[in-house]
Structures are given as structure tokens and as C-alpha cells.
Amino acid sequence: MSGASLPTAAPAPVPAPATKRAAFPARALRWTRRLPLSGKVGLAFVLFWLVIALIGPLLAPYPIGAFVDENVFSPASRTFLLGSDYLGRDVLSRLLHAARYTVGLGAGAALLACTVGTGLALVAAVGRGWVDELLSRFMDTVISIPSKILALVMVAAFGSSLWLLLLIAGLTYVPGNYRIARALAVNLNQMDFVSVARARGERRAYIALSEILPNMLHPLLADFGLRFVFIVLLLSALSFLGLGVQPPQADLGSLVRENISGIAEGAPAILMPALAIATLTVSVNLLIDALPHRGRN
Amino acid sequence: MIGDGSSPFSRRDLLGAALGAGMVATAGGILVPAASLAAARPQPRQGGRIKAATMSLSTADTLDPAKGSLSSDYVRHFMLYNCLTELDRTLRARAGLAVRMESSDQRVWHVRLRSGVTFHDGRSLTSADVVYSLLRHKEPATASKLAAIAEQFRTVRADGPLDLTIELGGANADLPVILAQSHFAIIPAGEKAFRTGNGTGPYRLAAFTPGVRTLGRRNADYWKPGKPYLDEIELIGIPDEVSRVNALLSGDIHMALAVNPRSTRRVNASPRHLVRETPSALYTNLIMRQDQLPTSSGHFVAGMKYLMDRPLIKRALFRNYATIANDHPIPPFHPYYRAGLPQTALDLDKARWHFRKAGIGTTRLPLYASTAAEGSVDMASILQEYGARAGLNLSVSRVPADGYWSTHWMKHPLGFGNTNPRPTADLIYSLFYKSDAPWNESGWQNPRFDRLLVEARGEPDDARRKQLYGEMQGLVRDRCGVGIPVFISLLDGYDRRLKGWHPVPLGGFMGYAFAEHLWWED
Amino acid sequence: MSASPASRPHAARNTLLRMIAGRIGAAFLTLILVSLVVFTISDLLPGDAAQEALGQSATPAQVAALRHEMGLDRPAYVRFGSWITGLAGGDAGQSLVANMPVGEIIRERLPNSLLLAALTTLVAVPLALTIGISSAMNRGGRLDRALNVATLSMVALPEFLVATIAVLIFSVKLRWLPSISMLPEQATWGQFFETFAMPVFSLCVVVIAQMARMTRAAVIDQLDRPYVEMALLKGLSPARVVIRHVLPNAVGPIVNAMALSLSYLLGGAIIVETIFNYPGLASLMVNAVTSRDMPLLQACAMIFCAVYLLLMLLADVTAIVANPRLRSA
Chain F
3 MSGASLPTAA
13 PAPVPAPATK
23 RAAFPARALR
33 WTRRLPLSGK
43 VGLAFVLFWL
53 VIALIGPLLA
63 PYPIGAFVDE
73 NVFSPASRTF
83 LLGSDYLGRD
93 VLSRLLHAAR
103 YTVGLGAGAA
113 LLACTVGTGL
123 ALVAAVGRGW
133 VDELLSRFMD
143 TVISIPSKIL
153 ALVMVAAFGS
163 SLWLLLLIAG
173 LTYVPGNYRI
183 ARALAVNLNQ
193 MDFVSVARAR
203 GERRAYIALS
213 EILPNMLHPL
223 LADFGLRFVF
233 IVLLLSALSF
243 LGLGVQPPQA
253 DLGSLVRENI
263 SGIAEGAPAI
273 LMPALAIATL
283 TVSVNLLIDA
293 LPHRGRN
Chain V
143 MIGDGSSPFS
153 RRDLLGAALG
163 AGMVATAGGI
173 LVPAASLAAA
183 RPQPRQGGRI
193 KAATMSLSTA
203 DTLDPAKGSL
213 SSDYVRHFML
223 YNCLTELDRT
233 LRARAGLAVR
243 MESSDQRVWH
253 VRLRSGVTFH
263 DGRSLTSADV
273 VYSLLRHKEP
283 ATASKLAAIA
293 EQFRTVRADG
303 PLDLTIELGG
313 ANADLPVILA
323 QSHFAIIPAG
333 EKAFRTGNGT
343 GPYRLAAFTP
353 GVRTLGRRNA
363 DYWKPGKPYL
373 DEIELIGIPD
383 EVSRVNALLS
393 GDIHMALAVN
403 PRSTRRVNAS
413 PRHLVRETPS
423 ALYTNLIMRQ
433 DQLPTSSGHF
443 VAGMKYLMDR
453 PLIKRALFRN
463 YATIANDHPI
473 PPFHPYYRAG
483 LPQTALDLDK
493 ARWHFRKAGI
503 GTTRLPLYAS
513 TAAEGSVDMA
523 SILQEYGARA
533 GLNLSVSRVP
543 ADGYWSTHWM
553 KHPLGFGNTN
563 PRPTADLIYS
573 LFYKSDAPWN
583 ESGWQNPRFD
593 RLLVEARGEP
603 DDARRKQLYG
613 EMQGLVRDRC
623 GVGIPVFISL
633 LDGYDRRLKG
643 WHPVPLGGFM
653 GYAFAEHLWW
663 ED
Chain E
-9 MSASPASRPH
1 AARNTLLRMI
11 AGRIGAAFLT
21 LILVSLVVFT
31 ISDLLPGDAA
41 QEALGQSATP
51 AQVAALRHEM
61 GLDRPAYVRF
71 GSWITGLAGG
81 DAGQSLVANM
91 PVGEIIRERL
101 PNSLLLAALT
111 TLVAVPLALT
121 IGISSAMNRG
131 GRLDRALNVA
141 TLSMVALPEF
151 LVATIAVLIF
161 SVKLRWLPSI
171 SMLPEQATWG
181 QFFETFAMPV
191 FSLCVVVIAQ
201 MARMTRAAVI
211 DQLDRPYVEM
221 ALLKGLSPAR
231 VVIRHVLPNA
241 VGPIVNAMAL
251 SLSYLLGGAI
261 IVETIFNYPG
271 LASLMVNAVT
281 SRDMPLLQAC
291 AMIFCAVYLL
301 LMLLADVTAI
311 VANPRLRSA
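Right, here's the structure in full:
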């Protein structure tokens, strides 16, 4: 650690009032230009995957369930740009279809987890002692329920649907986000500026939303990025249990999972979906890390 | 009757040759000659320790043969115990602990036990042990897997120290074969605790931890001269297929049960290993319930059978390690297979015509599949794909493997089942196709079939039996709401140094009974 | 508005002790609640132990008989009541499928799980702290970016893929390490290392990223505060500032993230246990779910919950001790 220098000034930009009047594309461009390189790369990939999620199926050369290759785990070729999978289906087509499930469900569930988790954490932080106690114990109970049982019970009770998948994937990560957010919020709640606000007679909701939340946004976003990764990976496990995405459709994680026997021969059928997951999740996190953040300086 | 010419039957390798030489099958079993065909076979060697891995790893692992439900149980039980009979590679019964089993009416059977057989604790085998071992299956507390089959044992009584009589409820020419299943292994009379694995089998139990491992040491006093060959067998479970194959290829284990067809390329590419294929009657079948709409329509059933691209299923799902089936449960290599039956093949036009006749329209039909029924999810995808081309709107509903058999199996109009090989045609028909069978998967009713079944069961003449079973195959193929696309071969991975293997179509690992047959050769 | 952690010696140690006692009391309540919830929802699962034990080929009469044998025909509240009274007397009950007491099965598996978790912790925590802190101190620098992408990529790959690739390389290709982790009875240190190298590595890949990233975020969050600038202006070395001033303030979120990650090591080790065939608790519990072995399932759930609660308590206590402002809370 010796010799490491501390950056004395954060690269956080100070938005000039004039920018507010500029046209959106210009503003977006300027905002993008200010991002560090990693942020630009992240943003590019995130946009790329968003586009694929939206129009991917239109680009697919073959139907998603069509058995087009006599061989399995074929390498990339002119007919099959990314090779064929364990049943001889076109990997590229399946990938293009799968992206929307992973992007949509992953983002949705991560958002759900973080909104609920952080919301409850704020309530716990500014609320009375017993509220905090109650919520925390509740979360401890929830996290201790084996998620496999929960998933199986939900499927047995409500059948399988994408909404259920989103709900379960999200709920699984609520307690984790709650822990982290609560730790941050309780810390901030003891800060002088919060005490000052309380002394001013501000309402709890105001303190939570205007004083505490903005100051914990950055670590929370970092947490969101990781939850997104975990959820993307969890989706395939849940799909495997029979929850959610139904064949012949699949999410990216399921593509990796179903082609696992091609790993030894290095088939693109497993490498490409894995690469897709990696680029998607890493870029989301790179972008989040590069976001200019406002601390209470 | 099963005869035992006293010695050469300890060498299982001679068996194929012996049967090939045209042995006569007689009433109630087969006659195996005493003549020894000492072929130029490599001489088995003694010694060696191996590790074998099955795919199950469960705290339900048991030493109680009646409770055996997983591959690891069957292997373990064949290591520790013996049955009255044993199965050869064509699933015919041979002498085991019984030297003779005979009946004039296929209903009352007289059994003569081998003398001089001892349990691992030194006690001698007597008819009382057999009576106890068989009758306990009828008690609910035993929770026997084969309780349904054991119901036909009306009485089992000892006639002398080595003689006993089994009286059945009805004639059954297959009894010797039925008794060769590991569940009917012979344990000492009164055994209840099942902690020591005390049997008459080729290995003594040295260590047993449910869900972890079983260690067997060579039983030097085994009643088959010279056998077994290996000094020690450690049996473990590796449920994950990729891990199992990796363990084999890295030399951590020497035998791997149930290798995925997609892994065969890897195993065969290794100079030290090979995949051994056992063609079997295992199948995953489409179930079209005959008591629910719209699957009860004969046109619908016929249409679905035309919708199956059997060569594609064989190639894509099983990498050609399968045998094309014809919507009935008897595989081509079965002695009772009816050769002349026309093969149903993919025909979208005929399928479309049948669906139109059935009046399905474009109603969305859920098709339930689960990893619990091997390959069913992919089969469902294939059906859906072709269905769309034949104007049928199928939607695949993948459900959890957990609880599949109790919650989903046979409960939906369209679903999948998976049936393990059974030792006799009678068993498979009685359990899955008889009108009042508990697992009459499609719920079809066919009085003619039921009559033929009972007739064939008591029929001593083999040619006549074959004819009866042949007609039943036609009935199932044409009328039953079950679609069987292929029979799935059993694939095991072996270290090449393990010798003495031959397939037993009942299961991998030589019908789970490899322990006393294999030897190690560096 | 200096937020430097001025220690307040008068901050009552009693408050802390009272809080710990309260939490332990609450932990017991939580455990009971968890057992009740787990029992209830697993009771909702289709099928029961009798049905699963007899499998596909069971007749209703057989199932009913076995159900009676296992005592499953009693109402749910009676079963729960007898289980929990048994537990209060130190008896976790008899496994419904394994023909032995639950306690015996757990005794065999728990040490395995704890060992794997402990080894992983020993490797992962120092590594994560180092990565997180050095990233934060080099914020925006080359090292930061490299570490960032490295940790992210590690966590972005499905766990089973990482573990499988490791096996392919080190067991199948190089034959250096065993592909399945079953420790021989009298293991040498070499065997010990070989057995655990890959499972520990695979688990580290999963948990390090979250810990490292939270550490980085928390440290950066503090670095932006005025007191840091002030300390630096006073001429303190950056390393000293981080260790003496920043870490104590950042410790709350860090230990929470660590506790969360580490709690994953018991129940979440399922994939690693599966791939390396390691006989731990996670696979035991999955097994218990599948076979509907309720006493065993309950015992596993209790253990996971207890370990989780313990880790959370440790995290909270650490946070409070490190940041005295919280003591009065």
C-alpha cells in the first residue's frame, strides 16, 4: 500500500446550470465524454445488450427451437456463426433470444431487491427501535428459508411464470441488500448533518429520503451491480428447477448450463453464452463504478 | 427348471457361449448344461482395489435389499447378498442360492437351496432365511419396493433345511427371473437392523456411510470357487454427470455409471478409458391420457405418434446410443420381440390429417416435461417444433424434477413418463399396461390385452408365449395412449484395465452385479 | 464538521453487552420462527417422505402404511410440537429415510462444511480486504481498473463453470489434483492441500468480489469526506490515514458485506459440494428437501440460520466497537 497516492479531488463533475438547457443528445454526449474509459466501455456494452434484448429475436437467423445441425457442439462456421448446441440448434439464434430474458429479468429482479431492501432499511434506520428490531429479525428469518424450498413451494402453488421468477429472484436478494443498506443508513443516521436536520424538526421521511439516501447512493449502486450479477446467475438455477423461462426459450445462464457437456471440447455453445453473461454483467458494473457520484462534501 | 451342474457356473463368461449353443428352455425356466465350454478366454486374476461411482448419493442409501431404490443400493446389495437366481445377458434365470427351482403348473414352485453356503457371520444358509427374506416383502412395515410383486406369494414355507415351496396366487412362469432382482436378496432370518450387511455375497461390508461411501472387502469364503477377484471395492456416488466423467478421466475412480451420450466422445478419446454400451429397454415415453380431453381421441394419439422424429431423437438426444422404438415397450433385442410390426415414422401430413380429424384446432395444449424423465424436456421441444408445422399448438411446461412422480406424472393430459428396464415382458405389461395396473400411464382399457397377459403369464410353451406377447405389442402400438420413440442404451465408463465385462440389459454395471465378475489387469 | 472517530471512553460497555444479550435472545426467537416457517412451507410441498421413499412405483396402500410407520399421518402441529419438544431436550429426532438419528448425520457432515468454510474465509477475507483497499487508494488508476475488471469477471462466470474448468485443467489434463474431494482418513498435509485447493478456490471466486467491492466502495466513501483531506493536509501518510481513520469508519458496511458473503459459504456451497462431491451440509439439505426428510431438513435449516445470526451479530458488534457513534444508538 505504500506509495499509493490518494486522489485528492474526486473526478465528480459539477453540473453547470447551463447544461440543463442543452438538447438531450448533446447533454448525453457530453455526459458520456466525461466518463472514464472503463465507463465508456461499460456503457457501450450495456447499450449493446439493451439493443439485443429489444430486437435480438428479429436478427436471429433460425427459429429458436429448430434442429438445424446434424452434429452437436459444432464449431463456428458460415452456416452457424456461433456453432451449434448440444441438440444441434443454432447457438447465435438462441443467444439472441435469450438476451432479453436475462437483461429484463435480471434488471427487474435486482431493482426489486434493492428497492424493497433499501426502502425497508431506511424505515429501520430512522424508525423507532422496535421497528428496526422487528424488520431485522424478519429479514433474518427470510434469509434463513432455503430458497430451493421457497421456489418449489411457489411453483407448486402458483405454477410457473416469468413474473414469479422475477419475484423469487428479487426476494431472494432483499435481505442481503437490506443488511448492507441498513448498515450504511444507521451509520449516516448518526452523522452530524442528520442530527442537524433532526434538530431542525424535519420529518423522518424527509431525513430518510433527502439526507440519508443520497449519501448512500454510491455504495448502494455498487451493491445493485453485484445483485444484478448474482440474479443473472440465479435465473438459470431457478429455470432449471422448472421455474420461469420455458423451453425452447432459455436465458443466458440456462444456455451455459444446458451445454455444460461441451466444455471439454471448448464448444462455442458454452463459451459464447458465458462470454455474453460476462460482458453484460461486467459492463453494468463498470458503468456503475464510473458514474459520477455526489457525496456530502 | 433351473439345473445346476455343480461347478462351471461360477464362471459367468461361459454363459453366452452356452446359451448360444442352443440350450433348451423348458417349463418354468431354462436348463443350463453342465458341459463346460472352456473357451480361450483370458484367465481372471485376483487382486486389485477399485473405486466405482454411481449417480446417486443419498442419505436414503440402505443395506436393506427390500428398500433398494437407487443404483447405488442395487450395486451394494449385489456386493453383499445373493438372490435365489441370477440373470444372464439375455435376462434368463440361472442358479444362484437355489440349485433347483421347478414347477409343474407354474404356480407351486419347489426350491432346493445350495448346501454349504454361509453368511458373512459364519451361519449357514437354510430355508428359514429364504422364507423370512421373501415373506417380509408382504409386510407394510418393510416398505418394500416390490411389495406389489410380492403380493403374488401366497405362501412360502420350508419343507426341510434346504427345501422350500413357494405357492403363488396364479401361474407365473417368470418366477425364477423375478427372484433374481436385488430386492429379493436373501438375508438371515430375523434381520431387522441392517447395520452390518450380513449376507452370503462376494464382499463383506467394511465401511458404510449413507450418502458417502460403501467399502467392501473380498469374502474369502464365497461359495463360488475363485470368486470374487477384486480385493476391495469402494462404492461412492457422484450425482453430477460431468464430475463423474471427470473423476473417471482423472483416475480418481475406475468405473462410472450412467455416462451421458454427449460425454462418450471424451471418454473414448482417452487411451486409458472406454465407454461400454448396454442396449436396454429403458424408455422415456409420451403419455396421452385416455380419460381426459383432447388426448383421449384416437386420432390425436395417432397424430402424436406420427409427430415423433425418432431418428432425430436417437441422434440428437442420445448420440445414436439408442434403439428406435415402435410405441410399445418390447425392444428388438428382446426374445419376445415381434419382428413383423410396421415401424411408425415421422409423417407431418398424416399427423396433420389426424389432428384435423380430432378437431384440435389451434387450442394451446400444455405438454408437461421434467428432467425427472430423462430427455423429456428435449423431446417436448422437438414435439413442439414439429407440432407447429403440423398445425398443433403445443406449449412446453417444464416442471421441477422434485416431486415430479407424485405431482405431475400421469396427472396431465399430455406428459412424460420414464420406465426402467424390467426383467420380464410380463412385469412391464402388468405394471404399466394392464387396464387396472397402478401405473397404467395413459389409462387405456383393453380387455383383449388383459386376457392375453394372464394367458401368457401361465403359458409354459415359449413359442406360444412369444406369439401372445407379439399380439400385445401390436395392441399397445396401435391403441395405447403411450408414445415410445426410442429405447435408451445404458452407457458406463470404465478404466480399460477392468476386464470380464458383459452387458446385462437390466441396468448398467452389468445389471448392477459387476462386483463378482470384474477383475483387474494392469 | 469533523467526523473523526473520537473514542468516548465513557460509552458504556454495558450497553454493548446488553445489546449482545438481547440479540442472543432474539436469535432464539428467530430460530423458532424459522423452524416454524420452514416446517410450514415444506409441509406445503407436494409429496411427503413416505411417497418419496417409495418413489414412482408406490401404491396408495403402501404409501399409507409407510406414512403411518413414519408418523406422518399425525396432524402437522402434532408433528411440529413433538419435534420441537424433542429438540428442546437435545434430540433432533430420527431421520425419516436414513435409519439413523439426525444428530449422527449432522455430526458427520457439519465439520466438513465448517472446515471448507473456514479455509475459504482464511483465504478470501485477507485477499478481499487487500484488493478492496488498494483499489480504493488507487481510485481510477490502472491498478484499480485491473482489479475491478478481474474481480467482476470472476463473479460474472457461473460458479459451476469455474469449478468445472478448474477440474478439467488440474485433474483431467495435468492430474495434479483429485477431481473429487474426499479426504482420506489419515491425510497428510499434502493430501489436505490437494483435496481443498480447488473447492476453496472456487468458493473464493464467488465471495471475494462482493467483499472486495463493498470494501472499495466503503473506503472511497470515507475518502471523500473532509476529515480525510484534513488529515492529509496535516501531513499524515495516506496509508496511515486509511488504516487509522478511514477503516474504522468504513468498517460497518465492510463487516456486513463480509458476514453476508461468509454466511453463503455454508448453504451456498451447494454447487462446489456437488461438483467436487464434497460431503457437506448444503448437499445434505438439498437431499433432505428431495426426500422430504423433515427432521433432517429442519436441523440443516436451523444450523444455517444459527450460523447466519452469529455472523450478523459479530458484524454488528464489530461495527459498533469500531464506530463508537453507534454505541449510544
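Protein chains in written order, with the numbering used here: chain F, 3 to 299; chain V, 143 to 664; chain E, -9 to 319.
Quick reminder that beta carbons are idealized off the backbone N, C-alpha and C, glycines included.
No experiment lies behind these values; they were computed from the predicted model shown.
Worksheet item: How would you list, in chain order, the residues of chain F whose beta-carbon sits under 8 Å from the beta-carbon of S523 of chain V?
Response: Listed by position along chain F, the residues whose Cβ is nearer than 8 Å to that of S523 of chain V are G67, L89, P249, P250.
Worksheet item: What's the C-alpha gap between H219 of chain V and D206 of chain V?
Response: The straight-line gap from Cα to Cα measures roughly 8 Å.
Worksheet entry | Cα-Cα separation, S412 of chain V to P453 of chain V | Approximately 28 Å between the Cα atoms of the pair.
Practice prompt. Please check if any C-beta of chain C sits within less than 8 Å of the C-beta of N388 of chain V.
Written response: In the structure shown, chain C cannot be found, because the protein chains are F, V and E.
Worksheet entry | Minimum length 4: unbroken alpha helix (DSSP H) runs contained in the segment 310 to 360 of chain V | Taking only runs of at least 4 residues, the alpha helix (DSSP H) segments lying wholly in the segment 310 to 360 of chain V are 317 to 320.
Discussion item. Spatial neighbours of V115 of chain E within its chain, please: C-beta separation below 6 Å, excluding the five flanking residues on both sides.
Written reply: The answer is none, since no qualifying residue turns up.
Discussion item. Given this structure, state the Cα-to-Cα distance separating Y345 of chain V from R181 of chain F, to the nearest angstrom.
Written reply: The alpha-carbon separation between Y345 of chain V and R181 of chain F amounts to approximately 55 Å.
Worksheet item: Are the beta-carbon atoms of N267 of chain E and S171 of chain E separated by less than 8 Å?
Response: A distance below 8 Å separates the beta carbons of N267 of chain E and S171 of chain E.
Worksheet entry | DSSP beta-bridge partners of S86 of chain F | According to DSSP, S86 of chain F bridges with F:D92.
Fill in: First through last residue of the alpha helix (DSSP H) which encompasses D491 of chain V
Residues 490 to 500.
Worksheet entry | Continuous beta strand (DSSP E) stretch holding F629 of chain V: start and end | Taken as a continuous stretch (DSSP letters only), the beta strand (DSSP E) holding F629 of chain V covers 628 to 637.
Practice prompt. Check whether the Cβ atoms of P249 of chain F and A207 of chain E sit closer than 8 Å, and answer yes or no.
Written response: Not closer than 8 Å, so no.
Worksheet item: Using a C-beta to C-beta distance shorter than 9 Å, which residues of chain E count as neighbours of P270 of chain F?
Response: Going along chain E, no residue has its Cβ under 9 Å from P270 of chain F, so there is no contact; the nearest lies around 14 Å.
Worksheet item: Shorter than 8 Å from the beta carbon of T5 of chain E to some beta carbon of chain V?
Response: Proximity of T5 of chain E to chain V, defined by a Cβ-Cβ separation below 8 Å, is not satisfied.
Worksheet item: Could you give the C-beta distance for A136 of chain E and V241 of chain E, rounded to a whole number, given that I count them as a contact under 8 Å?
Response: Their Cβ separation, rounded to whole angstroms, is 26 Å, which puts A136 of chain E and V241 of chain E out of contact at 8 Å.
Worksheet item: Where do the ends of the alpha helix (DSSP H) carrying M144 of chain E lie?
Response: From DSSP, the alpha helix (DSSP H) with M144 of chain E extends over 132 to 146.
Item to complete: State the beta-bridge partners of N560 of chain V as determined by DSSP.
Response: Its beta-bridge partners are V:T426.
Fill in: Beta-carbon neighbours of S257 of chain V, restricted to chain E and to distances below 9 Å
Result: empty, since nearest Cβ-Cβ is about 33 Å, beyond 9 Å.
Worksheet item: Quick check: the segment 419 to 432 of chain V against the segment 619 to 634 of chain V, are there 3 or more CB pairs under 8 Å?
Response: The count of Cβ pairs closer than 8 Å, one atom from the segment 419 to 432 of chain V and one from the segment 619 to 634 of chain V, reaches three, so the stretches are in contact.
Discussion item. For chain E, check one thing: does any of its Cβ atoms lie closer than 8 Å to the Cβ of R181 of chain F?
Written reply: Yes, its Cβ sits closer than 8 Å to a Cβ of chain E.
Item to complete: Give the residues of chain F in contact with V538 of chain V, contact being defined as C-beta atoms less than 8 Å apart.
Response: Chain F residues near V538 of chain V: Q248, P249, P250.
Practice prompt. May I ask which residues mark the beginning and end of the beta strand (DSSP E) holding W251 of chain V?
Written response: Under the DSSP assignment, W251 of chain V falls in the beta strand (DSSP E) whose first and last residues are 250 to 255.
Worksheet item: Can the beta-carbon of N535 of chain V be found closer than 8 Å to that of R506 of chain V?
Response: The criterion of a C-beta distance shorter than 8 Å is satisfied by N535 of chain V and R506 of chain V.
Worksheet item: By the criterion of Cβ-Cβ separation under 9 Å, what are the contact partners of L169 of chain F in chain V?
Response: Against chain V, a Cβ distance below 9 Å from L169 of chain F picks out nothing, because the smallest value is about 17 Å.
Fill in: For S76 of chain F and S86 of chain F, believed in contact at Cβ under 8 Å, the rounded distance
The C-beta distance from S86 of chain F to S76 of chain F rounds to 4 Å, short enough to meet the 8 Å contact threshold.
Discussion item. Within a Cβ cutoff of 6 Å, which residues of the same chain sit near S103 of chain E, ignoring the five residues on either side of it in sequence?
Written reply: The beta carbon of S103 of chain E lies closer than 6 Å to those of L256, G270, L271 in the same chain, with the five residues before and after it left out.
Discussion item. So, for H496 of chain V: in the same chain, excluding its five sequence neighbours on each side, which residues have a beta-carbon less than 8 Å away from its beta-carbon?
Written reply: Sequence-distant partners of H496 of chain V (beyond 5 residues in either direction) whose C-beta falls short of 8 Å from its own C-beta, in its chain, are H441, F442, A444, G445, Y448.
Worksheet item: Do you know offhand how far Q609 of chain V's Cα is from L595 of chain V's?
Response: Q609 of chain V and L595 of chain V: Cα-Cα distance of roughly 12 Å.
Item to complete: Using a Cβ cut-off of 7 Å, pull out every chain V residue sitting near I145 of chain F, in sequence order please.
Response: Ordered by position in chain V, no residue passes the 7 Å Cβ test against I145 of chain F, which lies about 22 Å from the chain.
Discussion item. Which runs of the beta strand (DSSP E) at least 3 residues long sit entirely within the segment 542 to 602 of chain V? Give them in chain order.
Written reply: Runs found: 556 to 561.
Worksheet item: What does S40 of chain F reach in chain E if we use C-beta pairs closer than 8 Å?
Response: The answer, in chain order, is R135, N138, V139.
Fill in: Any C-beta of chain V under 8 Å from that of V74 of chain F
Closer than 8 Å to some Cβ of chain V, the Cβ of V74 of chain F qualifies, so yes.
Item to complete: Using a Cβ-Cβ cut-off of 8 Å, state whether S385 of chain V counts as contacting chain E.
Response: For S385 of chain V, at least one C-beta of chain E is nearer than 8 Å to its own C-beta.
Practice prompt. Taking the CB atoms as reference points, tell me whether G189 of chain V and W662 of chain V lie closer together than 8 Å.
Written response: Result yes, Cβ atoms of G189 of chain V and W662 of chain V sit closer than 8 Å.
Fill in: Residue of F:L97, F:S241, F:V125, F:F230 minimising C-alpha distance to Y175 of chain F
The candidate whose alpha carbon is nearest that of Y175 of chain F is F:F230.
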